[in-house]
Amino acid sequence: MFRNLISSSRRQLSTSGHIYRQIEWKVFVFTVILPNGSKQKLVGQCDETIRDLVTPLIDKSGVNQPCLRWIKNDALIDIDAKAYHLENEEIKLSEALINKTLGQDTRYGILEEIYLTEVDYQITLQSLKQVYVQPLRDSTYLNDNDLKILFNWIEPILSLSRQLQSEIIK
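Numbering-wise, the sequence shown is residues 1 to 170 according to UniProt numbering.
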């Protein structure tokens, strides 16, 4: 029955007069920086996941708990995401800071989640500083008092976030 439904809907689509875009299997290249510092170029197709492409490198480099991060902002990369987002980018493969094999303990899992969230939050705050605070400070749109009112909270939170991260790693 399901096959009949699919084939009949295909016939309706093909005779409806609509023009559908043909999907092209685009090939792209990205670079992985290995734990030893060497660079490896990988070639992928748009339908592949990052895991599909980096698993041989992970196996070859001997990394037990792989962690993939963007070079440009140090953000974590979801290994199960589609790899086409990495086109012309550099990513870094390293050993995870926190050993996930210990994750059987619920408390450990909570600490791990807090740590990873803090890392992402810190990256976001630093981006906010670079994208908004620095350009506004250099421009004449806002005076120093307005900048202080709007963005004075960033540095104390960044400092607290760094402290929390270092305590969790201990």
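Quick reminder that beta carbons are idealized off the backbone N, C-alpha and C, glycines included.
Excluding five sequence neighbours on each side, which residues of the same chain lie with their C-beta closer than 8 Å to the C-beta of L102?
Along the sequence shown, read from residue 1 onward, the residue named residue 102 stands at position 102. Only weak support is given to the placement of L102: the predicted model assigns it a pLDDT of 49, under 50, and the value that follows is read from those uncertain coordinates. Y108.
Is the beta carbon of Q45 sitting closer than 8 Å to the one on V27?
For the purposes of this step, residue 45 is taken as the residue at position 45 of the sequence shown. For the purposes of this step, residue 27 is taken as the residue at position 27 of the sequence shown. Q45 is a Cβ neighbour of V27, given a cutoff of 8 Å.
Going along the chain, which unbroken runs of the alpha helix (DSSP H) with 4 or more residues stay wholly within the UniProt domain "DH" (106 to 170)?
106 to 128, 134 to 138, 144 to 151 and 154 to 169
Between the C-alpha atoms of E112 and L142, what's the straight-line distance to the nearest angstrom?
The residue labelled residue 112 in the question sits at position 112 within the sequence shown. The residue labelled residue 142 in the question sits at position 142 within the sequence shown. Looking at the two C-alpha atoms, the distance is approximately 40 Å.
V69 - partner residues in DSSP beta bridges:
By 1-based counting over the sequence shown, the position of residue 69 is 69. Note on residue identity: the sequence assigns Arg, not Val, to residue 69. Answer is L76 and K92, bridged to R69.
Could you tell me which of R137, I91, L86 and N64 sits nearest to S38, measuring between CA atoms?
Your numbering for residue 38 matches position 38 in the sequence shown. That would be I91, whose Cα lies nearest to the Cα of S38.
Proximity of D74 and T49 at Cβ, strictly below 8 Å
On the sequence shown, position 74 is the one that residue 74 refers to. On the sequence shown, position 49 is the one that residue 49 refers to. In this structure, T49 does not lie closer than 8 Å to D74 by Cβ.
When Y84, T55 and Q126 are compared against F30, the one with the closest alpha-carbon
In the sequence shown, residue 30 corresponds to position 30, counting from 1. Answer by Cα proximity: Y84.
Where the alpha helix (DSSP H) containing V43 begins and where it ends:
The sequence position of residue 43 within the sequence shown is 43, counting from 1. That residue, V43, is in no alpha helix (DSSP H); its beta strand (DSSP E) goes K39 to Q45.
E118 beta carbon less than 8 Å from that of L164
The residue given as residue 164 occupies position 164 in the sequence shown. The residue given as residue 118 occupies position 118 in the sequence shown. Yes, the pair counts as a contact, with Cβ atoms nearer than the cut-off.
Around the C-beta of P66, are 16 or more other C-beta atoms found within 10 angstroms, so that it is buried, or is it exposed?
Walking along the sequence shown from the start, residue 66 turns up at place 66. It is buried - the Cβ of P66 has at least 16 other Cβ atoms within 10 Å.
Contact check, L93 vs V32, beta carbons under 8 Å
Within the sequence shown, numbered from 1, the residue matching residue 93 stands at position 93. Within the sequence shown, numbered from 1, the residue matching residue 32 stands at position 32. A contact, by the Cβ cut-off of 8 Å.
Going by CA-CA distance only, name the one from D47, Y121 and S127 that's closest to L160.
Taking the first residue of the sequence shown as position 1, residue 160 is located at position 160. With distances taken between Cα atoms, L160 lies closest to Y121.
Spatial distance of E155 from W70 (CA atoms)
The count along the sequence shown starts at 1 and reaches residue 155 at position 155. The count along the sequence shown starts at 1 and reaches residue 70 at position 70. Those two C-alpha atoms are separated by around 23 Å.
Under the three-state DSSP convention, the category V29 falls into
Position 29 of the sequence shown, counting from 1, holds the residue named residue 29. Strand, per DSSP.
Would you mind sorting I149 into buried or exposed? The rule is 16 or more other CB atoms within 10 Å of its CB.
Locating residue 149 in the sequence shown gives position 149, counting from the first residue. Answer is exposed; the Cβ neighbour count stays below 16.
Whole-angstrom C-beta distance between R137 and L125, which should lie under 8 Å
Looking up residue 125 in the sequence shown gives position 125. Looking up residue 137 in the sequence shown gives position 137. At roughly 16 Å, the Cβ-Cβ gap does not stay under 8 Å, so L125 and R137 are not in contact.
Just the C-alpha distance for D59 and L34, rounded to the nearest angstrom, thanks.
In the sequence shown, residue 59 corresponds to position 59, counting from 1. In the sequence shown, residue 34 corresponds to position 34, counting from 1. C-alpha separation (whole angstroms): 12 Å.
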